[in-house]
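Only one structure is covered here, and it is reproduced in the block below.
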Amino acid sequence: MAAAKQTGVGPSRRFYPICLTTPFLLNIKLVLPRISHHPLPLALPTTEDPRLVPVLRYLYEHIGELLELNALARQLGFSPRSLSRLFQECLSISFGQYLKLRRMMAAMELLLQTKQTVTEIAYAVGYNSLASFSNTFYKIVGR
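If you read the sequence shown in our numbering, its first letter stands for residue -4, the second for the next number, and so on.
The following block contains the structure:
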């Protein structure tokens, strides 16, 4: 059977052909509509803490960019250690855990609401490779 081809976008934002019969791509598109009808054990922690609200807003608005704790902390007026403690104190998860969960939730929204390919969505939410996106997706969604 010939593989259907479509274009994807890589980290350099150049388009290249991808195979739509890749098991991961097919599974993502098949699994999400089924699990979207049942509540997932996923919840993005929130806080009203005025120190963390602007940080969470920044992460939401820049989800597709490279986001590192040290650079983000300096940019927003925190020490990396203080920002890390603030995440743990207010959200009960680490900065890295929050960022992964935020990216996955953004990806799931795009998968359900757009016609973008999984590859395009992976790069749009800040992943540099489909493999990394795939591993994180299956760890979080568990399907």
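Yeah, the Cβ is synthetic: ideal placement off N, Cα and C, and Gly gets one too.
It should be emphasised that the depicted structure is a prediction, and the values quoted were computed from it without experimental measurement.
(request) Just tell me which of 60, 134, 90 has its CA closest to the CA of residue 40. (result) 90
(message) My output table needs one value for residue 60: the three-state DSSP class, helix, strand or coil.
(response) coil
(request) Under 6 Å Cβ to Cβ from residue 92, same chain only, skipping five residues before and after it: list those, please. (result) none
(message) Rounded to the nearest angstrom, what separates residue 88 and residue 95 at their Cα positions?
(response) 11 Å
(request) Please specify which runs of the alpha helix (DSSP H), each continuous and at least 4 residues long, are wholly inside the segment 93 to 130, giving them in chain order. (result) 113 to 119
(message) Could you tell me the alpha carbon to alpha carbon distance between residue 81 and residue 99, rounded to whole angstroms?
(response) 22 Å
(message) I need the straight-line Cα distance from residue 48 to residue 136, nearest angstrom please.
(response) 26 Å
(request) Could you say if the segment 52 to 68 and the segment 113 to 131 meet the contact criterion of at least three C-beta pairs nearer than 8 Å? (result) yes
(request) Excluding the 5 residues preceding and the 5 following residue 134 in the sequence, name in chain order all residues of the same chain whose CB lies nearer than 7 Å to its CB. (result) none
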